[in-house]
Structures are given as C-alpha cells and as structure tokens.
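Student: Starting off with a structure, shown below.
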Amino acid sequence: MRSDREVPRLDADRSGLAGLATEPPADFAVRVLRRTGVPREIYDTYVRLDTAVGGLFVAASPQAVTGAALDTGGLTATRFEELHRARTHRSAVRSARPFPGVTTALRTGRARRLPVDLSPLGPADRAVLEAVRAVPAGQLRPVGWLAREAAVAPELVVGALARNPAAVLVPCHRVTYDNGTPCDAGHLPEVGDALRAAEGIDLLRVAELHRRGVVFLGSDTTRIYCHPTCAHARRITPPHQVPFSTAREAGRAGYRACKSCRPVAV
C-alpha cells in the first residue's frame, strides 16, 4: 500500500537525546508514532539483520517486506531510509522487531513463502524476480531458465535482476549466465560469492565446470541430466557423471531433462 502522507519527522526528538548517557531503544520512533496516533498503515518499519556478508536492512509494511539492502557498500540507515522513500513513497522507520518470517528466511535460505511486495516494479521485472524466488537455496539457475519461467525475453532478465528491491530475500545471487558463470547484476561479485558459499555452493567446482565448458551433468544410470547444483545432480557419483555443454547435446545422447530443476531444452 502506497501513501504520500508524511510521517512526522523525529529529528528533533533524536537530537534532544544526543546528550543522554544511553542510546534510545531501536523502536523509539515507532513508539512515538504509535502514541501520537499515526496509523501504522501509512509507514513501513525496518530493522538491520546480520547475514553472511554483513548487515541487511529489511523494511516492511504490515502486510509484506517492501525492501531490503545490504550495507556492504557503506549504506547507512539514513541513506536506506532516503532510498526507500524515493522508491516506495513510504517512510521507513527504524524498529526492533523484524517482519514475521524474515529471520527464519535468512537463516535457512528459504524465503519463497515470505510475502514480498514487488508491486512498484513493472510486470516483466516482477515476473523475473518471482521466478528467482523459486530457485532453491544452494542451487543456481541460468538466465535462459529465468526467461522461460517468467515468459519474458532473455534480454530483459539481467536488468530485472539489477532492479531487485529485496536483496538476499529475492536471491539473485543464485543466477548465472547461460554458460554457468555467476550473474551478479545487483551486487559486487565478491558479495555474490560469499552468499553462494554460505549456502554451501562449491565455488571451485562451479568454476571448474565452467572452465571445461560443462553446463549440465547427466547420470549414466538414470539417463537424466540436470543443472550441476541441482540436488539430484549432486548425488551423481563421479564415475557416473556425464558432462554436457547444451541441452540439445544431452537430448541427442538419449538423456531426459530433470523434472526438478527443469533445464531449458534448447
């Protein structure tokens, strides 16, 4: 829900507390707004939570997460508030209580069911980011896969990833280019690598497969091929792994696409 109504500024209150021996509680501003009768529906609240790569600011309305950004690039709370208001037209007020489910989603990497408001984006961007949300933790999917899942042109995918308003919670670090190299459109490569490593993705193995031109792995026992990070592919023992550069190559060899990771059949 958007609103252009102004939430009363609390700068004066904050400056008046500057000389106190202790810092005000994190939810001080929220308490003031509540006591002055400002409707909760017209502003968002946010918290800063720890992740494998540093702090993550997470804002939410009463209904859904409305934004998330890493502080790895020196992002401050004040700047996060400014950027959030510019994008959503809603004030973000610091709180001590995260939106329900956010902490668990960050701990487990499973944020698919977490309500995330992508409504400020265009339909193509929303479709791509919803497809990203379907990629399981610890796995990677290529741009072409996202294009198919989102029913958009492949050239629109990378731009949508760069406009992701909910870093980490919409896991764009799980996306690669079609040749298997990471597609870190919304953050620095080292940030993406750290997020992938935290999910147990073997970065050296991914790099080695890319060096060898391997895009898919098949099993010579099941005659099924997968994305290399698919849970089924990880269970293929080395003697039974069959590498493929394209889905077409796998198909010509008599292999079927995995029904779980659903490689693009081109």
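For the sequence shown, the working numbering begins at 5 and goes up steadily by one.
Built from N, CA and C at the ideal position, the CB exists for glycine as well.
Measuring straight from C-alpha to C-alpha, what distance separates R260 and R227?
Tutor: 6 Å
Student: Could you name the residues of the same chain whose beta carbon sits closer than 8 Å to that of H177, not counting the 5 residues immediately before and after it, in chain order?
Tutor: P186, D188, H191, V195, G196, L199 and R200
Student: Return helix, strand or coil for T71, following the three-state DSSP convention.
Tutor: Here residue 71 turns out to be Gly, not Thr, going by the sequence shown. If DSSP states are grouped into helix, strand and coil, G71 belongs with the strands.
Student: Could you have a look at I205 and say whether DSSP puts it in helix, strand or coil?
Tutor: coil
Student: Just to confirm, are T233 and G113 a CB contact at a threshold of 8 Å?
Tutor: no
Student: Comparing C-alpha positions only, which one of L144, R111, C262 and I240 sits nearest to V179?
Tutor: L144
Student: Whose C-beta lies closer than 7 Å to the C-beta of I240 among residues of the same chain, with five residues either side of it excluded?
Tutor: Same-chain partners within the cutoff: L221 and S223.
Student: Beta strand (DSSP E) containing G59: first to last residue?
Tutor: G58 to A64
Student: In whole angstroms, what is the alpha-carbon distance linking P146 and F84?
Tutor: 30 Å
Student: Quick one: what's got a C-beta closer than 8 Å to R130's C-beta in the same chain, skipping five residues either side?
Tutor: L122 and S123
Student: Which of the three DSSP states, helix, strand or coil, is assigned to V3?
Tutor: Past the edges of the chain, shown from 5 to 270, lies residue 3, and the structure says nothing about it.
Student: Rounded to the nearest angstrom, what separates L208 and V161 at their Cα positions?
Tutor: 26 Å
Student: Are V136 and L173 touching if we call contact CB-CB under 8 Å?
Tutor: no
Student: Measuring straight from C-alpha to C-alpha, what distance separates N183 and S249?
Tutor: 8 Å
Student: Who are L221's beta bridge partners in DSSP?
Tutor: C230 and P247
Student: Using three-state DSSP, classify L199 as helix, strand or coil.
Tutor: helix
Student: Under the DSSP definition of a beta bridge, which residues are partnered with Y47?
Tutor: S95
Student: Distance check for T108 and C262, CA to CA, integer angstroms please.
Tutor: Those two C-alpha atoms are separated by around 29 Å.
Student: What does a CB cutoff of less than 7 Å around V34 pick up in its chain, not counting 5 residues either side in sequence?
Tutor: T49, V97 and S99
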